[in-house]
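Asks: The structure follows.
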Amino acid sequence: MNKAELIDSLAKGHFEGNKAVATRALNAVVDTIATEVANTGKVSITGFGVFEVLHREARVVRNPRTGERKQAEAMDLPRFRPGTDFKKRVQDAADKR
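Written out as structure tokens, the structure is:
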């Protein structure tokens with residue numbers, strides 16, 4: 040599912056077919072999560088999961104094509120860890136297939 044399909048689904052299920060309201064709602068949620076993770080390092084939504092910053096230390100990496108080794112800088116990366124309810128819902132859907 041891409042963003043447009045998600046907006047369609049939100050509009051049909053929660054916003055009485057109004058795609059403009061669904062778009063604003065989705066954009067507001069995504070923007071708020073991204074801003075808060077960038078500023079505070081963590082957003083936790085009970086039952087859904089945790090958005091957080093993962094710090095990766097500097098390390099030596101290798102280009103698999105050439106074998107060349109070089110130093111990769113330390114960096115902070117966004118990470119999502121699914122919550123228990125989310126994992127269970129995915130597993131239940133997989134069991135039904």
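Count along the sequence shown from 1, then add 39; that gives the number in the numbering used here.
Idealized CB from N, CA, C, for every residue including glycine.
Quick caveat: nothing in here was measured; it's all calculated off a predicted structure.
Starting from the C-beta of I54, find all residues in its chain whose C-beta is less than 8 angstroms away, skip the five residues before and the five after it, and write them out in chain order.
Replies: Against the sequence shown, residue 54 aligns to sequence position 15. With the sequence shown as reference, residue 54 is identified as Phe, and Ile is not the correct amino acid for it. V60, A61 and A64.
Asks: Hey, V99 and A111: beta-carbon distance below 9 angstroms or not?
Replies: Within the sequence shown, numbered from 1, the residue matching residue 99 stands at position 60. Within the sequence shown, numbered from 1, the residue matching residue 111 stands at position 72. Contact flag set, yes.
Asks: Could you check how far apart the C-beta atoms of P117 and V69 are, in whole angstroms? I think they sit under 8 angstroms.
Replies: As a working note, residue 117 is residue 78 in the sequence shown. As a working note, residue 69 is residue 30 in the sequence shown. With a Cβ gap of about 12 angstroms, P117 and V69 do not count as contacting.
Asks: Hey, how far is the Cα of E96 from the Cα of T79?
Replies: Start at 1 with the first residue of the sequence shown, and residue 96 comes out as number 57. Start at 1 with the first residue of the sequence shown, and residue 79 comes out as number 40. Between E96 and T79, the C-alpha separation is close to 19 angstroms.
Asks: Using DSSP's beta-bridge definition, name the partner residues of M114.
Replies: For this step, residue 114 is matched to residue 75 along the sequence shown. According to DSSP, M114 bridges with R95.
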